[in-house]
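For reference, the structure discussed in these notes is given below.
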RNA sequence: GGUACCAUAGCUCAGUAGGUAGAGCAAUGGACUGAAAAUCCAUGUGUCCCUGGUUCGAUCCCAGGUGGUACCA
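In this note's numbering, the protein residues as written are 6 to 311.
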């Protein structure tokens, strides 16, 4: 009997600093798998230390496990859920074709859910006529227009003029193409969650932040800015890139940067857990495992389920 | 050693004409469909430093302690 017939995807999720990458790599090594990253920031090239890429984690016993959707776009670009979903399924089918097991690993809840819930998302091209028509309207006018639609698809936050216009654009497209259907592959996922005690998680985050600063995280940000990426674009990536850019451009002191960033990462980890709990409530079964349990023991346990 | 000022939430501080108290930050819970490491919503938190006095009643007034800060010696 083919063991891989029960599941066609393994998912490893968890908050930042839970050690999910090493677990995913070790597991992939055992099951002839390849990793599909689900991280909205590791898609960017050059943003290594700040996004915690830890590429060394993908090497197990001298073998480098193939990984995907890391280093695929340039800093400054605005990657999004739609692109992620498209890229994911492309890679997913490719891995399947080659007879290997896809292992999705990451902490970006919305990206993972867009895949697991197979959100209906199609390419919506820019609509120049519509954009011209909406030009000059205030945010509240745009919000009213957006609200007047009987929502078919788009539920994005319309908190800036640009996003509101894009929202209207997407909504308009869906209304004028009601026949559109998306055909996504069936998923039979085994979902593993790595949980870590709250206090331990905070300690690890702070320790890791210090290490990465020692390793040159400030220089990395400086280099990216020098290469021509506008500081504002970097700030919008949040966390490390936000606080380090503010520090590098002299807006805040080192102390303010360190303390503010440390707190922000703690808050981020909390939000990640909120998302995972919601996924459970909405019907996804997550097998939780303790981050502090020996990694081989955890891998063996997962192997039993597969 | 003397003088002055201070002591209230995890932190920084406000306040009570004497009726046991409130902001910001932090923390915690939640939302999330095209920037999601973003963005947004909700919720607490207390020997008001200690002891005594005045008072129906003291976190607040008075006295003494203790600790801190500044200046003087």
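A virtual CB, placed ideally from N, CA and C, is assigned to each residue, including glycine.
| Query | Result |
| --- | --- |
| Since residue 296 contacts residue 201 with CB under 8 angstroms, what's their CB separation in whole angstroms? | 4 angstroms |
| Taking Cβ to Cβ, would you say residue 219 is nearer than 7 angstroms to residue 113? | no |
| Using a 10 Å radius around the Cβ and a threshold of 16 neighbouring Cβ atoms, would you call residue 73 buried or exposed? | buried |
| Would you grab the beta carbon distance between residue 117 and residue 16 for me? Rounded to a whole angstrom, and I think it's under 8 angstroms. | 7 angstroms |
| Would you mind reading off the limits of the beta strand (DSSP E) that contains residue 296? | Where residue 296 is concerned, there is no enclosing beta strand (DSSP E), given that its DSSP letter is neither H nor E. |
| Is it buried or exposed for residue 184, if we count other Cβ within 10 angstroms and need 16 for buried? | exposed |
| If distances are taken between C-alpha atoms only, which option among 14, 20 and 11 comes closest to residue 276? | 20 |
| Can at least three beta-carbon pairs, one atom from the region 58 to 71 and one from the region 33 to 48, be found at a separation below 8 angstroms? | yes |
| Let me check understanding here. Comparing Cα to Cα, which of 108, 235, 125 and 262 lies closest to residue 33? | 108 |
| Cα separation between residue 170 and residue 133? | 11 angstroms |
| Please go through the region 78 to 122 and give each complete alpha helix (DSSP H) segment of 4 or more residues, from N-terminal end onward. | 86 to 102 and 114 to 121 |
| Helix, strand or coil for residue 69, going by three-state DSSP, please let me know. | strand |
| In angstroms with no decimal places, state the Cα-to-Cα distance between residue 144 and residue 152. | 12 angstroms |
| By the DSSP assignment, the beta strand (DSSP E) with residue 14 in it spans what residues? | 14 to 18 |
| Given residue 228, which residues of its chain have a CB within under 8 angstroms of its CB, disregarding the five upstream and five downstream residues? | 51 |
| For the alpha helix (DSSP H) that residue 139 lies in, which residues bound it at each end? | 133 to 139 |
| State whether the region 286 to 305 contacts the region 94 to 101, with contact taken as three or more CB pairs (one from each stretch) at a distance under 8 angstroms. | no |
| Is the beta carbon of residue 105 sitting closer than 7 angstroms to the one on residue 39? | yes |
| Can you have a look at residue 68 and say buried or exposed, based on whether 16 or more other CB atoms are within 10 angstroms of its CB? | exposed |
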